[in-house]
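Residue numbers (my numbering): 22 to 440. Yeah, the Cβ is synthetic: ideal placement off N, Cα and C, and Gly gets one too. Working notes for the structure below.
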């Protein structure tokens with residue numbers, strides 16, 4: 022059995038007992054937001070409590086006694102000393118409740134969002150690498166639970182997820198995507214998660230919305246999004262529409278999936294910043310509702326879904342801040358017909374750095390705002406929104422989220438300036 026076959030078998034074992042949640046595009050954003058909460062928010066709570074008590078050492082005055090049970094120890098990271106790679110996936114599946122939100126015109130399971138989340142072995146860095154859906158790759162062969170063999174071929178990266186999702190099983194779809202990512206990059210995937218996006222609206226609403234600085238008026242009939250330039254607290258419906266936005270009659274939206282990745286990453290960053298800005302002692306109800314909605318929307322491998330494992334991982338990341346979180350995209354260039362993209366030589370450098378567990382030094386150059394298509398907008402397409410200010414992240418370099426722990430939603434909105 023090859024390494025890829027063993028990995029696929031392991032994924033099938035992990036996913037076999039998971040509920041078959043349907044998934045929608047951009048669900049990966051929610052998973053990463055949850056990771057941000059687990060690794061940063063939990064520790065934020067600890068930091069708020071520490072130092073608030075009047076403590077004295079009276080151990081010299083207390084008689085010693087032999088303990089009857091082992092003393093409680095701090096949570097242990099089951100993967101301590103090893104880098105972790107988690108593949109986060111979402112698709113445009115329109116079955117069930119998802120069809121009410123996204124429409125029922127798209128059949129099957131097509132992977133429109135894939136993020137490779139890398140956690141360094143020393144737990145000091147987190148890198149999130151977006152893989153374009155139209156990246157041309159050799160799609161790997163895969164096997165379904167019933168033994169059906171699905172042959173891969175050269176084409177769009179998201180074919181892999183679609184091949185595995187022929188029978189509507191998220192775990193099978195994930196296995197095929199994992200095989201392709203591992204064969205493409207040489208990076209072992211330790212965990213995976215696929216998210217049902219039907220609950221995204223309630224997750225956003227549960228935490229009071231996501232603050233975004235919309236730099237241009239947006240009018241998109243297809244996404245059902247009409248919003249003026251300026252500071253906005255996006256509710257669940259608006260955040261979902263913004264995440265799905267690809268074409269617009271106005272608003273600097275190019276029609277390119279690559280530009281959409283830029284918007285997705287900014288929305289994700291703002292979601293993480295919003296969660297970090299919550300007071301975990303007074304906003305308990307909001308955060309509880311968010312976690313409940315998130316927990317009911319995911320299919321993942323068994324270990325990643327184990328609370329003890331997550332607690333240990335969160336504890337090992339207690340020194341991490343949002344400054345240590347980097348967003349990047351696989352370096353790409355257009356094919357001659359401008360219909361798809363291929364990886365550049367810098368992509369090989371990126372894979373090597375992830376394999377070696379060293380900080381990323383490369384990123385995609387640009388977001389295809391005007392090089393491919395300007396949709397229905399005759400003006401030069403530019404990013405339609407940013408996080409705290411109107412300045413978009415510079416292209417051509419990895420994007421670091423700025424530290425905003427403790428900032429309120431009002432603080433974030435107040436930073437928005439539109440010229």
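Worksheet entry | Minimum length 3: unbroken beta strand (DSSP E) runs contained in the region 164 to 231 | Qualifying beta strand (DSSP E) stretches, in chain order: 175 to 177, 212 to 216.
Worksheet item: Can at least three beta-carbon pairs, one atom from the region 195 to 202 and one from the region 96 to 113, be found at a separation below 8 Å?
Response: Short answer: they touch.
Worksheet item: Applying the criterion that 16 or more other CB atoms from any shown protein chain within 10 Å of the CB defines a buried residue, is residue 340 buried or exposed?
Response: Here residue 340 refers to the residue found at position 319 of the chain shown. Per the 10 Å Cβ criterion, exposed.
Fill in: Through-space distance from residue 346 to residue 296, alpha-carbon basis
Translated into the one-based positions of the chain shown, residue 296 becomes position 275. Translated into the one-based positions of the chain shown, residue 346 becomes position 325. Each residue's CA atom was taken as its position, placing residue 296 and residue 346 some 14 Å apart.
Discussion item. Could you compute how far the alpha carbon of residue 396 sits from the alpha carbon of residue 269?
Written reply: Position 375 of the chain shown, counting from 1, holds the residue named residue 396. Position 248 of the chain shown, counting from 1, holds the residue named residue 269. Only weak support exists for where residue 396 lies, its pLDDT of 36 falling under 50; the coordinates are left without a value.
Fill in: Same chain, Cβ closer than 8 Å to residue 238, five either side skipped, listed in chain order
Here residue 238 corresponds to residue number 217 of the chain shown, with the count starting at 1. Excluding positions up to five away in sequence, the list reads 248, 249, 250, 271, 272.
Discussion item. Under 8 Å, with one C-beta from each stretch per pair, do the region 316 to 329 and the region 214 to 233 reach the 3-pair mark?
Written reply: Yes, they touch.
Worksheet entry | CA-to-CA distance, residue 294 to residue 343, given in whole angstroms | By 1-based counting over the chain shown, the position of residue 343 is 322. By 1-based counting over the chain shown, the position of residue 294 is 273. Rounded to whole angstroms, the separation of the alpha carbons of residue 294 and residue 343 is 8 Å.
Worksheet item: According to DSSP, is residue 271 helix, strand or coil?
Response: Numbered from its first residue, the chain shown carries residue 271 at position 250. DSSP, reduced to helix, strand and coil, places residue 271 within a strand of the structure shown.
Worksheet item: What are the partner residues of residue 236, as DSSP defines its beta bridges?
Response: On the chain shown, residue 236 is found 215 positions in, with the first residue counted as 1. Residue pairing of residue 236 in beta bridges, as defined by DSSP: absent, with no partner found.
Worksheet item: Which ranges would you report for the alpha helix (DSSP H) in the region 327 to 389 if only whole runs of at least 4 residues count?
Response: Counting whole runs of 4 or more residues, the region 327 to 389 contains the alpha helix (DSSP H) stretches 328 to 337, 366 to 377.
Item to complete: Check residue 150 in the structure and name its three-state DSSP category.
Response: Indexing the chain shown from 1 puts residue 150 at position 129. DSSP, read as helix, strand or coil, puts residue 150 in strand.
Fill in: Span of the beta strand (DSSP E) around residue 158
One-based indexing of the chain shown puts residue 158 at position 137. From DSSP, the beta strand (DSSP E) with residue 158 extends over 157 to 159.
Worksheet entry | DSSP bridge partner residues for residue 298 (one or two, in chain order) | Along the chain shown, one-based indexing puts residue 298 at 277. According to DSSP, residue pairing for residue 298 in a beta bridge does not occur.
Worksheet item: Name the DSSP beta bridge partners of residue 247, please?
Response: Within the chain shown, residue 247 is the residue found at index 226, counting from 1. Looking at the DSSP output, residue 247 bridges to 240.
Worksheet item: With respect to the alpha helix (DSSP H) encompassing residue 261, which residues constitute its N-terminal and C-terminal limits?
Response: For the purposes of this step, residue 261 is taken as residue 240 along the chain shown, with counting starting at 1. Segment 257 to 265, the alpha helix (DSSP H) holding residue 261.
Fill in: Unbroken alpha helix (DSSP H) run spanning residue 432, endpoints
Looking up residue 432 in the chain shown gives position 411. Per DSSP, the continuous alpha helix (DSSP H) segment holding residue 432 begins and ends at 430 to 435.
Practice prompt. Using three-state DSSP, classify residue 441 as helix, strand or coil.
Written response: Because the chain here runs from 22 to 440, residue 441 falls outside it and cannot be looked at.
Worksheet item: Which class does residue 134 belong to by DSSP, given the choice of helix, strand or coil?
Response: In the chain shown, the residue the question calls residue 134 occupies position 113. Shown here, residue 134 sits in a strand according to DSSP, grouped into three states.
Worksheet entry | Alpha carbon of residue 7 to alpha carbon of residue 187, nearest angstrom | This structure gives no information on residue 7, because the portion of the chain shown stretches from 22 to 440.
Discussion item. Helix, strand or coil for residue 320? Go by DSSP, reduced to three states.
Written reply: Stepping through the chain shown from its first residue, residue 320 is reached at position 299. In the three-state scheme derived from DSSP, where H, G and I count as helix and E and B as strand, residue 320 is classed as strand.
Practice prompt. Counting only the same chain and skipping the five closest in sequence on each side, list residues whose C-beta sits under 8 Å from that of residue 435.
Written response: Numbered from its first residue, the chain shown carries residue 435 at position 414. Answer for residue 435: 252, listed in chain order.
Discussion item. Please report the straight-line C-alpha distance between residue 235 and residue 263, rounded to a whole angstrom.
Written reply: Position 214 of the chain shown, counted from the first residue, corresponds to residue 235. Position 242 of the chain shown, counted from the first residue, corresponds to residue 263. For residue 235 and residue 263, the distance between alpha carbons rounds to 10 Å.
Worksheet entry | residue 266 vs residue 244 beta-carbon contact at 7 Å | Working through the chain shown from its first residue, we reach residue 266 at position 245. Working through the chain shown from its first residue, we reach residue 244 at position 223. Result yes, Cβ atoms of residue 266 and residue 244 sit closer than 7 Å.
Discussion item. Across the region 162 to 182 and the region 376 to 383, are there enough close Cβ pairs to call them in contact, namely three or more that are closer than 8 Å?
Written reply: No: the two stretches stay apart, fewer than three of their Cβ pairs being nearer than 8 Å.
Worksheet item: Relative to the C-alpha of residue 191, which residue among 207, 220, 165, 178 is closest?
Response: As a working mapping, residue 191 is identified with position 170 in the chain shown. The shortest CA-to-CA distance from residue 191 to any of 207, 220, 165, 178 is the one to 165.
Worksheet item: Is it buried or exposed for residue 275, if we count other Cβ within 10 angstroms and need 16 for buried?
Response: The residue labelled residue 275 in the question sits at position 254 within the chain shown. Under this definition residue 275 is a buried residue.
Worksheet entry | Pick from 282, 286, 284, 224 that is closest to residue 258, judged by C-alpha positions | Working through the chain shown from its first residue, we reach residue 258 at position 237. Minimum Cα distance to residue 258 is reached at 224.
Discussion item. So, with DSSP's three-state summary, where would you put residue 393?
Written reply: Start at 1 with the first residue of the chain shown, and residue 393 comes out as number 372. Confidence at residue 393 is low in this model, with a pLDDT of 43, below 50, so its placement is unreliable and the value that follows should be read with caution. Coil.
Discussion item. Let's test the definition: count the other Cβ atoms within 10 Å of the Cβ of residue 364 and tell me whether it reaches 16, buried, or not, exposed.
Written reply: In the chain shown, counting from the first residue as 1, residue 364 sits at position 343. Buried is the call here.
Practice prompt. Have a look at 315, 351, 226, 148 and flag the residue whose alpha-carbon is nearest the alpha-carbon of residue 104.
Written response: The residue given as residue 104 occupies position 83 in the chain shown. Of 315, 351, 226, 148, the residue nearest in Cα terms is 148.
Practice prompt. Spatial neighbours of residue 321 within its chain, please: CB distance less than 6 Å, with the 5 preceding and 5 following residues excluded, ordered by chain position.
Written response: Locating residue 321 in the chain shown gives position 300, counting from the first residue. Closer than 6 Å at Cβ, skipping near neighbours: 214.
Discussion item. Rounding to the nearest angstrom, what Cα-Cα distance links residue 229 and residue 159 in this structure?
Written reply: For this step, residue 229 is matched to residue 208 along the chain shown. For this step, residue 159 is matched to residue 138 along the chain shown. Their backbone Cα atoms lie some 42 Å apart in a straight line.
Worksheet item: Which word fits residue 95, buried or exposed, when buried means at least 16 other C-beta atoms lie within 10 angstroms of its C-beta?
Response: Working through the chain shown from its first residue, we reach residue 95 at position 74. Counting C-beta atoms within 10 angstroms of its own C-beta, residue 95 has fewer than 16 neighbours from the protein chains shown and is therefore classed as exposed.
Discussion item. Distance check for residue 183 and residue 317, CA to CA, integer angstroms please.
Written reply: Looking up residue 317 in the chain shown gives position 296. Looking up residue 183 in the chain shown gives position 162. Roughly 23 Å between the two C-alpha positions.
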